[in-house]
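Chemist:
Chains as they are written, first to last, in this note's numbering: chain A, 1 to 67; chain B, 101 to 167.
(1) On the three-state DSSP scale, how would you describe residue 146 (chain B)?
(2) In chain B, which residues lie with their C-beta within 8 Å of the C-beta of residue 61 (chain A)?
(3) For residue 144 (chain B), go through chain A and note every residue whose CB falls closer than 7 Å to its CB, in chain order.
(4) Would you say residue 117 (chain B) and residue 60 (chain A) are within 9 Å of each other, going by their C-beta atoms?
(5) At a cut of 8 Å, does the segment 142-157 of chain B reach the segment 39-52 of chain A through at least three beta carbon pairs?
(6) By the DSSP assignment, the alpha helix (DSSP H) with residue 15 (chain A) in it spans what residues?
(7) Once you ignore the five residues that flank residue 3 (chain A) on each side, which residues in its own chain have a CB closer than 7 Å to its CB?
(8) Relative to the C-alpha of residue 110 (chain B), which residue among B:139, B:155, B:156 is closest?
(9) Anything in the segment 16-30 of chain A with a Cβ closer than 8 Å to a Cβ of chain B? List those residues in chain order, please.
(10) Are the C-beta atoms of residue 51 (chain A) and some chain B residue less than 9 Å apart?
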């Protein structure tokens, strides 16, 4: 389940960088509630969203989908 | 640009397996015109779409986003 892998990576990478959902959302130009929903596997993020978040987190996009 | 990487990988992997856009679309439960649009970077595929295509192509999802 790619949504689960992405959600797990998103939460881990965000926490490792000491970022709140709000701070990550602001930096990526997204809404905090959307970040929360992604971390709960509610939505299926698109390539553009994955790229925005990966850029803020400082990792290549494909790493967001890797177990 | 993650859309470009994904489009390039999708076309290469599909061709390597001798699949037409139609055959890949049918196997993944998607529309042929959507496959064509993804290969032209028109749309930003979602995690669920990436997972369906990766499953048909027999590779892990993250490899679809890797240069």
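Where a beta carbon is used, it is the ideal one built from N, C-alpha and C, also for glycine. Quick caveat, the model's predicted, so the values are computed rather than measured.
Modeler: So, to answer that:
(1) Strand.
(2) Chain-ordered, the chain B residues with CB closer than 8 Å to the CB of residue 61 (chain A) read 102, 105, 165.
(3) The contacting residues are 46, 47, 48.
(4) Their beta carbons are not under 9 Å apart, which means residue 117 (chain B) does not touch residue 60 (chain A) by this criterion.
(5) Cβ pair count under 8 Å is three or more, so yes.
(6) DSSP places residue 15 (chain A) in the uninterrupted alpha helix (DSSP H) bounded by 2-16.
(7) So the list reads 41, 44, once near-sequence residues are dropped.
(8) Cα-wise, what sits closest to residue 110 (chain B) is B:139.
(9) Against chain B - using a Cβ distance shorter than 8 Å - the segment 16-30 of chain A contributes no residues.
(10) Residue 51 (chain A) has a beta carbon lying within less than 9 Å of a beta carbon in chain B.
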